[in-house]
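For the record, in the first sequence the residue sitting at position 439 is 440 according to our numbering, with numbers rising by one throughout.
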Amino acid sequence: MSDVVTRIAPSPTGSLHVGTARSALFNYLFARKNNGTFLGRIEDTDRARSTKEFEDDVLEGLSWLGIKPDELNRQSERGELYKEYLKQLLDSGKAYLSKEESKINPGTQIEVVRLKNPGSSVSFEDMIRGTITFDTGELGDFVIARSIDDPLYHLAVVVDDHEMAVTHVIRGEDHISNTPRQILIQKALDIPQPYYAHIPLILAKDRSKLSKRHGATSVNEYRSLGYLPESIINYLALLGWNPDDNQELFSLKDLIQAFDIEEIHKGGAVFDIEKLKWFNREYLKRLSQSEQEEGIETFLSPKITESEGYDIVRLRRVTPLIIERISVFSDVKILSDEGELDYYFIRPTYKPESLLWKNEGTLNDVCSHLKHLSTILNALSEKEFTQQDIKSAVWGYAEEKGRGTVLWPMRYALSGRDKSPDPFALASVLEKNETSARLEYAIKLTQ
RNA sequence: GGCCCCAUCGUCUAGUGGUUAGGACAUCAGGUUCUCAUCCUGAAAACCGGGGUUCGACUCCCCGUGGGGUCACCA
């Protein structure tokens with residue numbers, strides 16, 4: 002086989018769609034697997050709808066995911082090339098100029114270029130689906146350029162894939178019905194046909210093609226929610242492709258190793274955000290402590306970051322506890338908006354009755370428990386104020402008086418919340434001074 | 001509607017003629033030091049239907065049914 006060349010050919014008319022990202026990924030994987038080249042080509046022949054902003058968005062998205070093309074081209078810069086091929090087609094009589102009324106601007110006359118369609122039956126070998134046959138009769142003499150200087154998609158694609166020596170066209174299933182047209186152009190130009198592989202579509206929950214109306218579809222949206230590129234890559238790869246074994250976690254390197262284009266499925270796959278979240282959590286756990294801190298900090302509410310008790314040391318201690326409760330960094334925003342993270346940084350206030358375990362017992366009992374706890378904890382040095390040490394110090398007393406009756410008020414005094422991490426973790430994270438201050442506050446409340 | 005593609009738990013999937021149809025996510029139940037989360041264990045959950053072929057079909061063939069894609073002077 003000659004050197005493998007694949008390509009991703011997005012049109013910059015929108016933000017990088019997850020489907021485009023997956024097509025790019027499969028092209029990237031196939032190229033790398035075969036020591037080939039992965040090309041990028043901006044398909045901006047529709048100048049009215051293409052923008053520089055979207056182009057940047059798409060390109061940035063791809064490099065963020067780690068699948069940046071080896072080379073990049075823009076169709077808008079290759080006009081001369083298409084013109085040459087168009088002339089060749091015209092000269093050989095395989096295409097012709099046709100004066101007709103514009104469909105876009107009714108009333109005005111334009112001269113489009115149409116391909117003379119022999120109306121033959123066309124078939125091609127799809128690497129994923131096998132032989133696909135079309136009767137091209139119904140296609141008629143379709144338009145391949147608005148004018149000699151203004152090529153349309155099908156012409157540009159065929160010319161570029163040929164000029165760039167693309168060997169494998171790996172693209173979405175929605176292009177299957179475009180393929181016969183492109184083959185017709187290839188035949189008219191007498192240029193060879195690349196290998197085709199049409200990958201299944203990413204579907205929404207209702208099993209239709211995933212589009213904006215179904216919610217977040219662009220890579221950038223997920224990126225700004227704090228999803229990790231590794232998890233998006235991993236998830237997208239497993240949507241429509243699977244290795245032989247039960248392995249689920251794959252780095253890009255692993256994917257190149259394991260990837261086999263023949264194993265890509267034929268049926269579409271529903272995009273399941275829950276599974277994506279699961280992947281994201283797995284990669285979140287594998288992040289370094291400082292990366293975790295940084296991610297958390299960007300989503301913490303101002304109420305917390307601007308509070309007096311907020312500092313980076315506290316954040317550092319608290320990070321593992323937060324990571325345990327989120328699957329995406331943006332969950333931090335949800336949690337902090339709900340006040341679930343306040344107590345790590347801000348001293349809580351609450352009604353004294355809340356300190357009662359299951360609403361039983363008396364405030365008097367609670368007071369004496371808290372006093373005893375305070376004494377025990379004060380006996381510990383700041384260095385000994387670890388989760389383990391605190392637990393061993395308190396455990397005996399809790400066992401003796403009843404775990405709930407002791408632990409609930411202790412935890413509540415530290416968090417002011419019905420739900421929170423356990424009191425030992427809380428105390429060690431808050432450190433000795435803040436812990437005793439909060440206990441003192443609770444003791445006062447109960448007196 | 002024409003043409004084309006597809007079809008295993010709710011979802012992603014393993015399976016290539018003989019399996020208790022396996023795994024993961026989600027769900028539910030139980031357990032782990034008070035609550036929450038984590039973690040552990042377990043449970044429920046699928047071969048679209050009908051014909052063939054075959055000693056034997058989830059696996060092969062045909063026909064239905066269902067779903068999807070596409071029918072531009074967009075890409």
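We put the beta carbon where it would ideally sit given N, CA and C, even for glycine.
Keep in mind that this is a model prediction, so the values were computed, not measured.
DSSP state of residue i mapped onto helix, strand, coil
i, result
"I9", "strand"
"H481", "The chain is shown from 2 up to 448; residue 481 falls before or after that span and cannot be answered."
"E298", "helix"
"A49", "coil"
"V291", "What sits at residue 291 in the sequence shown is Ser, not Val. Helix, per DSSP."
"I43", "strand"
"S232", "helix"
"K100", "strand"
"V329", "coil"
"T14", "coil"
"T447", "helix"
"T363", "coil"
"T350", "coil"
Distance between residue j and residue i (C-alpha atoms, nearest Å)
i, j, result
"Q1", "G62", "A query on residue 1 cannot be resolved here, the shown segment of the chain reaching from 2 to 448 and no further."
"F280", "P244", "17 Å"
"D261", "K188", "30 Å"
"L446", "T363", "13 Å"
"L66", "K210", "23 Å"
"L356", "E292", "36 Å"
"R224", "G138", "45 Å"
"G269", "G41", "25 Å"
"S416", "P349", "6 Å"
"E354", "L371", "14 Å"
"F452", "S308", "Since the first residue of the chain shown is 2 and the last is 448, residue 452 is not available in this structure."
"A443", "C368", "8 Å"
"S12", "V159", "15 Å"
"I257", "Q290", "28 Å"
"P422", "E249", "30 Å"
"K334", "Y311", "16 Å"
"V19", "S103", "35 Å"
"E72", "G108", "43 Å"
"D207", "S337", "33 Å"
"A25", "I9", "5 Å"
"E295", "L288", "11 Å"
"E78", "P70", "18 Å"
"F31", "I274", "26 Å"
"K420", "I323", "13 Å"
"E400", "H373", "14 Å"
"G241", "N247", "15 Å"
"G131", "P119", "24 Å"
"S232", "S219", "15 Å"
"N365", "E298", "40 Å"
"T7", "A259", "18 Å"
"D47", "D92", "26 Å"
"I234", "L253", "7 Å"
"E385", "K433", "9 Å"
8 Å contact criterion, which residue i and residue j should meet: CB distance rounded
i, j, result
"F346", "G227", "Going by Cβ atoms, the distance from F346 to G227 rounds to 20 Å, so no, they are not a contact pair."
"I391", "A428", "5 Å"
"R23", "L237", "4 Å"
"S328", "K278", "4 Å"
"E164", "L82", "6 Å"
"W358", "P410", "7 Å"
"S122", "D136", "5 Å"
"S51", "T14", "6 Å"
"I265", "I200", "6 Å"
If you scan the region 170–223 from start to end, which runs of the beta strand (DSSP E) of 3 or more residues do you find wholly inside it? 196–200
Mind the definition here: the region 147–161 touches the region 174–183 only if three or more C-beta pairs lie below 8 Å; say whether that holds. yes
Touch test, the region 138–152 against the region 109–121, Cβ-Cβ under 8 Å, three pairs minimum: yes
Are the region 375–388 and the region 312–323 touching, with three or more C-beta to C-beta distances below 8 Å? no
Quick one: complete beta strand (DSSP E) runs, 3+ long, within the region 45–94? 72–75
Would you mind listing the beta strand (DSSP E) stretches within the region 107–176 that are 3+ residues and don't spill past its ends, in chain order? 110–116, 122–127, 131–136, 144–148 and 169–173
Taking the runs of the beta strand (DSSP E) that are 3 residues or longer, which of them lie wholly in the region 377–418? none
If you pair each beta-carbon of the region 84–91 with each one of the region 53–61, do three or more pairs fall below 8 Å? no
The region 333–341 touching the region 427–441, judged by at least three CB pairs closer than 8 Å: no
When you compare the region 163–170 with the region 29–47, are there three or more beta-carbon pairs, one atom per stretch, that lie closer than 8 Å? Between the region 163–170 and the region 29–47, the count of Cβ pairs shorter than 8 Å is three or higher; the stretches touch.
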